[in-house]
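Q: The end of the sequence shown is residue 387 by the numbering used here, with every number in the run present.
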Amino acid sequence: MNKDKNSNEGFTLLELIVGLSIMFIVGGLATNAFIEASRSFNTDKKNIDSSQNLSAVLELIGNDIKQSGEQMNDRLFPVVKIEKVPVGDPDNMPGSSKITIRRALSSPLTLCQEITSAFTGTEIIVTNDSESEANCKLGTPSTTTLPSATIVRPTRLKEARDKRCQLDDINGDYSSPSTTDFCLATKATPDLEQVSAAISDEAGNMRTFKYVDDGAISGTSYKIDITGLSADANTYAVGRPIYLIEERVYALRKDGSLNLQIDGKSGGDTLIKRMDKFNVSARVYGDKDTKQPDIINAATPPVKPNLLPVSRRCDAAIPYYICEFNTTSVDDWKTIQGIKVELEAKYDGTGKGAIASAADTERLKAAAEFFPRNVLSK
Numbered sequence: 010m011n012k013d014k015n016s017n018e019g020f021t022l023l024e025l026i027v028g029l030s031i032m033f034i035v036g037g038l039a040t041n042a043f044i045e046a047s048r049s050f051n052t053d054k055k056n057i058d059s060s061q062n063l064s065a066v067l068e069l070i071g072n073d074i075k076q077s078g079e080q081m082n083d084r085l086f087p088v089v090k091i092e093k094v095p096v097g098d099p100d101n102m103p104g105s106s107k108i109t110i111r112r113a114l115s116s117p118l119t120l121c122q123e124i125t126s127a128f129t130g131t132e133i134i135v136t137n138d139s140e141s142e143a144n145c146k147l148g149t150p151s152t153t154t155l156p157s158a159t160i161v162r163p164t165r166l167k168e169a170r171d172k173r174c175q176l177d178d179i180n181g182d183y184s185s186p187s188t189t190d191f192c193l194a195t196k197a198t199p200d201l202e203q204v205s206a207a208i209s210d211e212a213g214n215m216r217t218f219k220y221v222d223d224g225a226i227s228g229t230s231y232k233i234d235i236t237g238l239s240a241d242a243n244t245y246a247v248g249r250p251i252y253l254i255e256e257r258v259y260a261l262r263k264d265g266s267l268n269l270q271i272d273g274k275s276g277g278d279t280l281i282k283r284m285d286k287f288n289v290s291a292r293v294y295g296d297k298d299t300k301q302p303d304i305i306n307a308a309t310p311p312v313k314p315n316l317l318p319v320s321r322r323c324d325a326a327i328p329y330y331i332c333e334f335n336t337t338s339v340d341d342w343k344t345i346q347g348i349k350v351e352l353e354a355k356y357d358g359t360g361k362g363a364i365a366s367a368a369d370t371e372r373l374k375a376a377a378e379f380f381p382r383n384v385l386s387k
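1) On the three-state DSSP scale, how would you describe D210?
2) What first and last residue would you give for the alpha helix (DSSP H) that runs through D171?
3) What distance in whole Å lies between the Cβ atoms of T229 and L147, which are believed to be in contact at a cut-off of 8 Å?
4) Helix, strand or coil for D357 per DSSP?
5) Pick helix, strand or coil for F334, following the three-state DSSP scheme.
6) State the beta-bridge partners of G347 as determined by DSSP.
7) Compute the beta-carbon to beta-carbon distance between I348 and V89, rounded to the nearest angstrom, for a pair I have assumed lies under 8 Å.
8) On a CA-only basis, which of W342, V293, A376 and R173 is nearest L114? Give me that one, please.
9) Are E132 and T244 touching if we call contact CB-CB under 8 Å?
10) Who are the near neighbours of G37 in its chain, counting only those whose CB is closer than 8 Å to its CB and skipping five residues on each side?
11) Given a threshold of 16 other Cβ atoms within 10 Å of its Cβ, counted over all protein chains shown, does Q61 qualify as buried or as exposed?
12) Are the CB atoms of S106 and N288 nearer to each other than 8 Å?
13) At what residues does the beta strand (DSSP E) containing I124 begin and finish?
14) List the endpoints of the continuous beta strand (DSSP E) containing Q270.
15) Taking the beta strand (DSSP E) that D234 belongs to, which residues open and close that run?
16) Taking the DSSP output, what are the residues bridged to P150?
17) How would you label T40, buried or exposed, when you count the other beta carbons within 10 angstroms and need 16 or more for buried?
18) Sorted by chain position, which residues of the same chain lie with C-beta nearer than 6 Å to A376's C-beta, five sequence neighbours on each side aside?
19) As a quick exercise: from E202, E371, K274 and K343, pick the residue whose alpha carbon is nearest that of D222.
20) Would you call the stretch 69 to 86 in contact with the stretch 208 to 223, where contact means no fewer than 3 C-beta pairs closer than 8 Å?
21) Cα separation between F379 and I110?
22) In angstroms, rounded to a whole number, what distance separates the CA positions of T164 and K374?
23) Please classify F334 as buried or exposed, where buried requires at least 16 neighbouring CB atoms within 10 angstroms.
24) Please work out which residues of its chain come closer than 6 Å, Cβ to Cβ, to R321, disregarding the five sequence neighbours upstream and downstream, and give them in chain order.
25) Apart from the five residues just before and just after W342, which ones in its own chain have a Cβ nearer than 8 Å to its Cβ?
26) Which term fits D439, buried or exposed, when burial requires 16 or more other beta carbons within 10 angstroms of its beta carbon?
27) Can you tell me which of the three DSSP states A39 falls into?
28) Closest to D138 by C-alpha separation, out of F128, T129 and T149, would be which residue?
29) Could you compute how far the alpha carbon of D264 sits from the alpha carbon of R283?
30) Pair every Cβ in the stretch 90 to 104 with every Cβ in the stretch 252 to 264, then say whether three or more of these pairs are closer than 8 Å.
31) If you draw a straight line from the C-alpha of E24 to the C-alpha of Y356, how long is it?
32) Please give me, in chain order, every unbroken run of the beta strand (DSSP E) with length at least 3 that falls completely inside the stretch 74 to 120.
33) Residues bridged to D222 by DSSP?
34) Helix, strand or coil, according to DSSP, for R372 in the structure here?
35) Count the other CB atoms, across all protein chains shown, that sit within 10 Å of the CB of T344; report buried if there are 16 or more and exposed otherwise.
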């Protein structure tokens, strides 16, 4: 009797083993579910963060595209340049896109001397009464007395001077007081009072340089000091515009980071890391019909003589988009109907989520088409 009573109390060894096994299995499943849920959450969070970052970068690029050609009426000046990165590029990802966007910082100056291919000077004349060009006339100069100097400059060049002088530290003794618009002679090291500029021949060619200082007035002639003048085989006649420009270049680096370089400054700035794709393409108008985009090299009537060849399409099956603009030939930037930018971030998943689903891939993409503002003036 006592034996039977004792056998009904507690657990047998077998029951204990079975119970522990079930507990471990359930616990393991729960732990695994928690870990996978955590991994999934972290992956989703990273993807959402990437999507938000892509949208922010896309907006930044779009705003720059909208301002390309600002204050320029020169329809052949290359304010937008789109190119494919070639194999062998030391910094950028081969096959990805590179877009250069230029805009004017002020109203243009005027070239008041002829510039030939042999010209290598460090000064350029921007006013000269001996020239018949109206924009070369000196007019009445302005005289400003500063604590350290009295400065005489042509009044109509004020806007260009402002842009250059503003680049210095406004609290430094080499900057002008807030009541004036003139730069002082004493510079910081390095000298920040330098603006990128370009002379345009209004036929698609340009010579670039840095506008670094203002010269003195000699009679009715006024010069600006320049450095780093680029070479060019063309001649630039009196009256051609001199644009003070900002140049912004977007490119995908080999390390997967999207880079923005402003005015050729070394290194540039990283906008976003872990990028997989950066593609830019232009949708163009036809020269004859500015209301509808041409089908590039259309196979069916009406075939227009101005159509671009199939070889310039991004995709042979898609007729409207070209992936290189102003590279192999002079393209009229005002024929652009839109510039499409496509971004794709790298997928960052682990465990069961190591392979991206279709939904994951879509969240890592961003694309939009933007319209250069000054195209409206064509």
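Glycine included, C-beta positions come from ideal geometry on N, C-alpha and C.
A: The structure says:
1) On the sequence shown, residue 210 is found 201 positions in, with the first residue counted as 1. D210 falls in the coil class under three-state DSSP.
2) Locating residue 171 in the sequence shown gives position 162, where the first residue counts as 1. Residues K167 to C174.
3) As a first step, residue 147 is located in the sequence shown; it is residue number 138 there, counting from the start. As a first step, residue 229 is located in the sequence shown; it is residue number 220 there, counting from the start. Indeed, because the Cβ distance is near 5 Å, the residues count as touching under 8 Å.
4) As a working note, residue 357 is residue 348 in the sequence shown. Coil, per DSSP.
5) If you number the sequence shown from 1, residue 334 lands on position 325. Residue state, collapsed to three classes: strand.
6) For the purposes of this step, residue 347 is identified with residue 338 of the sequence shown, where counting begins at 1. DSSP lists R292 as partners of G347.
7) Along the sequence shown, read from residue 1 onward, the residue named residue 348 stands at position 339. Along the sequence shown, read from residue 1 onward, the residue named residue 89 stands at position 80. Correct: roughly 7 Å between the Cβ atoms.
8) Counting from one through the sequence shown, the residue named residue 114 turns up at place 105. Out of W342, V293, A376 and R173, R173 has the C-alpha closest to the C-alpha of L114.
9) In the sequence shown, residue 132 corresponds to position 123, counting from 1. In the sequence shown, residue 244 corresponds to position 235, counting from 1. Contact flag unset, no.
10) For the purposes of this step, residue 37 is taken as the residue at position 28 of the sequence shown. For G37, where only same-chain residues beyond five positions count, there are no Cβ hits under 8 Å.
11) Indexing the sequence shown from 1 puts residue 61 at position 52. Flag for Q61 reads exposed.
12) The residue given as residue 106 occupies position 97 in the sequence shown. The residue given as residue 288 occupies position 279 in the sequence shown. Closer than 8 Å, so yes.
13) Position 115 of the sequence shown holds residue 124. No beta strand (DSSP E) contains I124, which DSSP labels as neither H nor E.
14) By 1-based counting over the sequence shown, the position of residue 270 is 261. From DSSP, the beta strand (DSSP E) with Q270 extends over L267 to I271.
15) Along the sequence shown, read from residue 1 onward, the residue named residue 234 stands at position 225. S230 to T236 is the span of the beta strand (DSSP E), which, as asked, contains D234.
16) Within the sequence shown, residue 150 is the residue found at index 141, counting from 1. BP columns for P150 point to P163.
17) For the purposes of this step, residue 40 is taken as residue 31 along the sequence shown, with counting starting at 1. Per the 10 Å Cβ criterion, exposed.
18) If you number the sequence shown from 1, residue 376 lands on position 367. Closer than 6 Å at the Cβ level, and outside the excluded window around A376, lie E351.
19) Residue mapping note: residue 222 aligns to position 213 of the sequence shown, counting from 1. Selected option, being the one with the closest Cα: E202.
20) yes
21) Translated into positions along the sequence shown, residue 379 becomes position 370. Translated into positions along the sequence shown, residue 110 becomes position 101. Rounded to whole angstroms, F379 to I110 spans 13 Å at the Cα level.
22) Taking the sequence shown and counting its residues from 1, the one referred to as residue 164 is at position 155. Taking the sequence shown and counting its residues from 1, the one referred to as residue 374 is at position 365. Cα-Cα distance, rounded: 51 Å.
23) The residue given as residue 334 occupies position 325 in the sequence shown. It counts as buried.
24) Within the sequence shown, numbered from 1, the residue matching residue 321 stands at position 312. Hits under 6 Å: I331.
25) Numbered from its first residue, the sequence shown carries residue 342 at position 333. S77, G78, R84, L85, F86, P87, V88, V89, F334, N335, P381 and V384.
26) The structure shown does not extend to residue 439, since the chain is modelled only from 10 to 387, so the question has no answer here.
27) Locating residue 39 in the sequence shown gives position 30, counting from the first residue. Helix.
28) Within the sequence shown, residue 138 is the residue found at index 129, counting from 1. Minimum Cα distance to D138 is reached at T149.
29) On the sequence shown, residue 264 is found 255 positions in, with the first residue counted as 1. On the sequence shown, residue 283 is found 274 positions in, with the first residue counted as 1. Answer to the nearest angstrom: the Cα atoms are 8 Å apart.
30) yes
31) Translated into the one-based positions of the sequence shown, residue 24 becomes position 15. Translated into the one-based positions of the sequence shown, residue 356 becomes position 347. Distance between the alpha carbons of E24 and Y356: 48 Å.
32) 89 to 93 and 106 to 113
33) Here residue 222 corresponds to residue number 213 of the sequence shown, with the count starting at 1. Paired residues: D234.
34) Stepping through the sequence shown from its first residue, residue 372 is reached at position 363. Helix, per DSSP.
35) Position 335 of the sequence shown, counted from the start, is the residue given in the question as residue 344. Per the 10 Å Cβ criterion, buried.
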